[in-house]
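The structure under discussion appears below in the form of structure tokens.
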Amino acid sequence: MLSSVYRLTVSLLIVGFLSSAYADTPVKKSGLTTNISTEDVHLRIDTFDEIDRVFKALRFKVVNQRSTNREGSLEYSSQLVELSYRLPDLFDTLSSRESFPMSRSRPEIWSQKARFDLLMDEFVDNLEQIDDQIKTGDLSKAGRLIDETAKGCRRCHNAYRYK
Numbered sequence: 001m002l003s004s005v006y007r008l009t010v011s012l013l014i015v016g017f018l019s020s021a022y023a024d025t026p027v028k029k030s031g032l033t034t035n036i037s038t039e040d041v042h043l044r045i046d047t048f049d050e051i052d053r054v055f056k057a058l059r060f061k062v063v064n065q066r067s068t069n070r071e072g073s074l075e076y077s078s079q080l081v082e083l084s085y086r087l088p089d090l091f092d093t094l095s096s097r098e099s100f101p102m103s104r105s106r107p108e109i110w111s112q113k114a115r116f117d118l119l120m121d122e123f124v125d126n127l128e129q130i131d132d133q134i135k136t137g138d139l140s141k142a143g144r145l146i147d148e149t150a151k152g153c154r155r156c157h158n159a160y161r162y163k
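The numbers in the working numbering rise by one with no breaks, and the one at position 127 of the sequence shown is 127.
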């Protein structure tokens with residue numbers, strides 16, 4: 001009886017050791033790693049939620065209110081640029097909805113990676129341009145680009161994000 005318990009314990013220890021050793025080893029697929037932490041998925045979600053909140057505030061201020069308060073708008077636009085710089089790296093790692101039910105990312109992000117990266121680069125570029133236009137005081141031009149960027153957000157979300 002004691003030897004069976006001993007063998008079972010040793011077997012479980014070996015399986016546990018091997019499982020943990022392989023769990024820490026990232027698996028490569030098409031140049032992307034498939035090892036992502038729950039914290040990274042939450043950071044991606046939190047970053048997008050914060051971008052959404054700040055973008056809506058900026059849009060309301062510049063487009064809806066037609067505010068001429070450059071400093072207030074600049075605070076929002078600078079924050080958006082800073083947040084947007086996080087995004088590309090947060091999508092270098094595959095994450096399946098099965099592994100991370102809270103993830104909003106569709107698998108098309110990785111199966112159409114070049115297209116997704118292009119749209120992400122355009123988004124970051126637009127936010128930089130909006131920030132530059134607000135810095136120079138051209139709020140009407142910034143407002144038009146804000147509206148254009150919002151349309152791009154919708155297109156990207158329809159293709160690459162679960163509701």
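We treat Cβ as the ideally placed atom computed from N, Cα and C, and that holds for glycine.
- Two segments are said to touch when three or more pairs of C-beta atoms, one from each, lie closer than 8 Å; by this definition the stretch 87-107 does not touch the stretch 138-153.
- Annotation for S84: the continuous alpha helix (DSSP H) segment containing it runs 70-84.
- Taking G72 as reference, the option from K151, K163, A150, L58 with the minimal CA-CA separation is L58.
- Shown here for G143: same chain residues with a beta carbon closer than 7 Å to its own, the five before and five after excluded, namely V62, V63 in chain order.
- Straight through space, the alpha carbons of N126 and Y85 are spaced by roughly 12 Å.
- Between the stretch 142-161 and the stretch 115-132 there are three or more inter-stretch CB-CB distances shorter than 8 Å, so the stretches are counted as touching.
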